[in-house]
Amino acid sequence: MKLLLLLLCVIFVNPVGAQDPVKVYPTHWWVGMKNKKLQILIHAPGVGAGTPSVTVSYPGVGVAAFKKFNNADYLAVDLNISAATRPGSCKITIGNSVAGSRYIVNYSLKAKNTQDGRTRIQGVTSADFMYLIMPDRFSNGDASNDRIPGYRDQTLDRNEIFHRHGGDLKGVQNHLDYLQELGVTAIWLNPVIENDMPERSEHGYAFTDHYQVDKRLGGNNAYHELVNSIHSKGMKIIQDAVYNHVGKEHHLFRSLPDSSWFHWWPEYTNTTYKDQVIMDSYGSSTDRKKMSDGWFVPSMPDLNQKNPYVSSFLIQHAIWSTEEYGLDGWRIDTYAYNDLDFMNRCNKALLDEFPRLHLFGETWVHGVINQAYFARNKFEIPFKSNLPGVTDFQLNLYGIIPATTQAFGWTEGVNRLYQSMANDFVYTNPLNNVIFLDNHDVSRFYSVVNEDINKLKMGIAWLLTFRGIPQLYYGTEVLMKNFANPDGLVRLDFPGGWEGDQPNKFKSGGRNAQENEIFNFTKAIAVFRKSSPALKTGKTMQYVPEDGVYVYFRYDADQTVMCIMNTNDREMPLNGTRFTERTANFTNGKDIVTGNLLDIKNIMVLPPKSLQVLLLN
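Using this note's numbering, the letters of the sequence shown correspond one by one to residues -13 to 603.
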């Protein structure tokens, strides 16, 4: 869009009339926002030198304060924007005592979108089916942006797992019909923000310019077009947030406002990745500091979120992105490594402005208690998180994976899944948690279950019928596989996403019989789920597993779905009389995949390695 490309009209005036670049963050803003305060960060040669003065000439906008930094090339300006302010170009004049120089910034104030909370910024709920895509590895829809002149990483080699492959946002847009056919209602993209790093830029987690979508993905315009297309199809978009760190080539690290914007150590210090120290009643402050302030990896400097200007920069970018693109949800990377007071402020700011927005954090931790600590919970403890949901690693690591890979035992096999689920009482609303079989960081589920088609079906059926928001990783439905050793092996290209790819697995004719079997199986349950109030928002009742058989129900006042998981490699009998608490008013169950009717009142014979989903009649 033209306004996005222009962003600002900025004039720099000095005694010789030279032109110098001026950057302002956020690049523009809106009138009609609930929070009437805005802090802009101005980056220009000498803008904060000497004794600055800041004036605003625009009705309804006033200067509340401004802040100089050790680096005179930065100046932060706090603005008040009244409720009566109209859209337009707000003239901000910055003068200083150095050679009488001044800057004039014509700052764009736009009208807030009237569709917020309706057709955009709708939120993501347990009624949705989420599909996770790494854009560089899904489909190349525009070969002209594969290499961008001036970017540090010019690699382009699909045979190298740590090089860029050329996938982009247009490629995702081209395959929205495929995703809709599968039953997907929401798309989570790994980060789309610019990663102008010299290497390993394909994953997207090392930002170098918060206000620029990576041009190799198509840039800001392509992101607008993709999100608009997603919304036009009644689907939703989730953006990946990274607050904990940036890439070493980020302009705020290459040209520091001052040293307090990042965490520094006498020598390089990595985080310990030990989340336990955050909530440990007996933990040391030294351990907590190393966990929170240590760098995630050497190429990603750790941001100091206790610095109020860092905090404002990050929070305002999240609000800006939500309003600019109409985002429906945020997945928050490395949640446990952030300053948690900052995260509460950030979450509150987003939810105050956009009440329907959904937020869920990556909590790759070990133990339900640890995981619940980072979400809204029922603990009476000093720190209370306001995060609505988390990525439910407990139902993955200590749930569906042991259920499908371990022999049944008192605390093994499917009993692990039952026990993890029994701890849901600690969450304020466990339906907000995102459940998954795998993602871009872990081994693909198909490989974890030793490429057993029946176990994969069990996993997919579980994913689409259990409580929470189901998330499928791209390619699971066409049998993409590999162990995360290294992680690049689970981030391979979707077959058919590049011109000339054979086979093309976006098409049924390009998939073999087993791939079509899994695609159609996933589709059948996902499509049923769309119209099933019990699966989308219903209650859950589970029964203690016996002999490797686990039964749970999803139900509401109008519908009951019975799910029967036989984790054994042999047929098993199941006496239906055990479940009369939920089945008393029903006579049979219709298998939603095969259409077969089962007598649920008597002895049922369960196929080996299966999860049957029955709509009770």
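Just so it is clear, CB atoms sit at the ideal spot from N, CA and C, and this is done for glycine as well.
Tell me which residue opens and which closes the alpha helix (DSSP H) that residue i is part of.
{"i": "F431", "result": "F431 to V434"}
{"i": "I355", "result": "V354 to Y359"}
{"i": "Y404", "result": "V400 to A408"}
{"i": "V213", "result": "G205 to S218"}
On the DSSP bridge list, what partners appear for residue i?
{"i": "W281", "result": "N256"}
{"i": "H249", "result": "Answer is none; H249 lacks a bridge partner."}
{"i": "W174", "result": "L118 and I224"}
{"i": "L383", "result": "According to DSSP, which records beta bridges pairwise, L383 is partnered with nothing at all."}
{"i": "P456", "result": "I421"}
{"i": "L592", "result": "M558"}
{"i": "S39", "result": "G81"}
{"i": "V599", "result": "C549"}
{"i": "E532", "result": "V535"}
{"i": "L584", "result": "G575"}
{"i": "D102", "result": "R106"}
{"i": "I179", "result": "V199"}
Which whole-angstrom value is the C-beta distance of residue i and residue j, which I expect to be below 8 Å?
{"i": "Q225", "j": "L175", "result": "7 Å"}
{"i": "T391", "j": "V435", "result": "6 Å"}
{"i": "E348", "j": "T377", "result": "5 Å"}
{"i": "T526", "j": "R453", "result": "5 Å"}
{"i": "S125", "j": "N160", "result": "6 Å"}
{"i": "M444", "j": "L597", "result": "4 Å"}
{"i": "L83", "j": "T37", "result": "In the sequence as presented, Leu is not what sits at residue 83; that position holds Ser. 5 Å between Cβ atoms; contact."}
{"i": "L110", "j": "V10", "result": "For the record, residue 110 in the displayed sequence is Val; it is not Leu. Between V10 and V110 the Cβ distance is about 31 Å, and since that is not below 8 Å, they are no contact."}
{"i": "M558", "j": "D533", "result": "6 Å"}
{"i": "A35", "j": "A58", "result": "4 Å"}
{"i": "T566", "j": "N603", "result": "Actually they are not in contact, since the Cβ atoms of T566 and N603 sit about 16 Å apart, beyond 8 Å."}
{"i": "T320", "j": "W281", "result": "No, T320 and W281 are not in contact; Cβ-Cβ is about 11 Å, not under 8 Å."}
{"i": "F643", "j": "L345", "result": "Coverage of the chain is limited to positions -13 through 603, which leaves residue 643 absent and any answer about it impossible."}
{"i": "A50", "j": "P73", "result": "Not really, about 21 Å apart at Cβ, beyond 8 Å."}
Taking the C-alpha atoms as reference points, what is the distance between residue i and residue j?
{"i": "L458", "j": "W484", "result": "21 Å"}
{"i": "F52", "j": "Y311", "result": "29 Å"}
{"i": "V213", "j": "W396", "result": "47 Å"}
{"i": "S75", "j": "W16", "result": "11 Å"}
{"i": "R202", "j": "Y460", "result": "20 Å"}
{"i": "I147", "j": "G482", "result": "17 Å"}
{"i": "I(-3)", "j": "V420", "result": "Unreliable placement is indicated for I(-3), whose pLDDT of 34 sits below 50; no coordinate value is reported for it."}
{"i": "A129", "j": "G152", "result": "7 Å"}
{"i": "I446", "j": "S517", "result": "18 Å"}
{"i": "L155", "j": "L313", "result": "15 Å"}
{"i": "N333", "j": "V42", "result": "30 Å"}
{"i": "G474", "j": "M590", "result": "44 Å"}
{"i": "I80", "j": "Y254", "result": "38 Å"}
{"i": "H236", "j": "D195", "result": "6 Å"}
{"i": "V2", "j": "I28", "result": "Confidence in V2 is poor, its pLDDT being 28 and thus under 50, which makes the residue's placement unreliable; the coordinate value appears in the next sentence. C-alpha separation (whole angstroms): 22 Å."}
{"i": "S112", "j": "L449", "result": "12 Å"}
{"i": "K219", "j": "H210", "result": "14 Å"}
{"i": "A393", "j": "N290", "result": "46 Å"}
{"i": "G496", "j": "T462", "result": "15 Å"}
{"i": "M120", "j": "N588", "result": "47 Å"}
{"i": "G32", "j": "V464", "result": "56 Å"}
{"i": "S298", "j": "T414", "result": "28 Å"}
{"i": "D487", "j": "L478", "result": "13 Å"}
{"i": "H189", "j": "V513", "result": "31 Å"}
{"i": "T580", "j": "G127", "result": "37 Å"}
{"i": "Y93", "j": "Q140", "result": "34 Å"}
Determine the extent of the beta strand (DSSP E) in which residue i is found, giving its start and end residues.
{"i": "Q198", "result": "D195 to V199"}
{"i": "F507", "result": "Counting along the chain, F507 falls outside any beta strand (DSSP E), though it belongs to the alpha helix (DSSP H) covering A499 to K516."}
{"i": "D64", "result": "Y60 to I67"}
{"i": "W74", "result": "Trp is not the amino acid found at residue 74; the sequence shown has Gly there. Element bounds for G74: G74 to G81."}
{"i": "G315", "result": "G315 to I318"}
{"i": "Q25", "result": "K23 to H29"}
{"i": "N92", "result": "R88 to A97"}
{"i": "L289", "result": "That residue, L289, is in no beta strand (DSSP E); it is neither H nor E in DSSP."}
{"i": "A51", "result": "V47 to K54"}
{"i": "Y311", "result": "No beta strand (DSSP E) contains Y311, which is instead part of the alpha helix (DSSP H) from P294 to Y311."}
{"i": "K9", "result": "K9 to Y11"}
{"i": "G347", "result": "H344 to G347"}
{"i": "W16", "result": "W15 to V17"}
Less than 8 Å between the C-beta atoms of residue i and residue j, yes or no?
{"i": "F411", "j": "N382", "result": "no"}
{"i": "V232", "j": "F193", "result": "yes"}
{"i": "V63", "j": "V40", "result": "yes"}
{"i": "D288", "j": "F248", "result": "yes"}
{"i": "A304", "j": "L336", "result": "yes"}
{"i": "I107", "j": "F340", "result": "yes"}
{"i": "Y538", "j": "C549", "result": "yes"}
{"i": "G562", "j": "I586", "result": "yes"}
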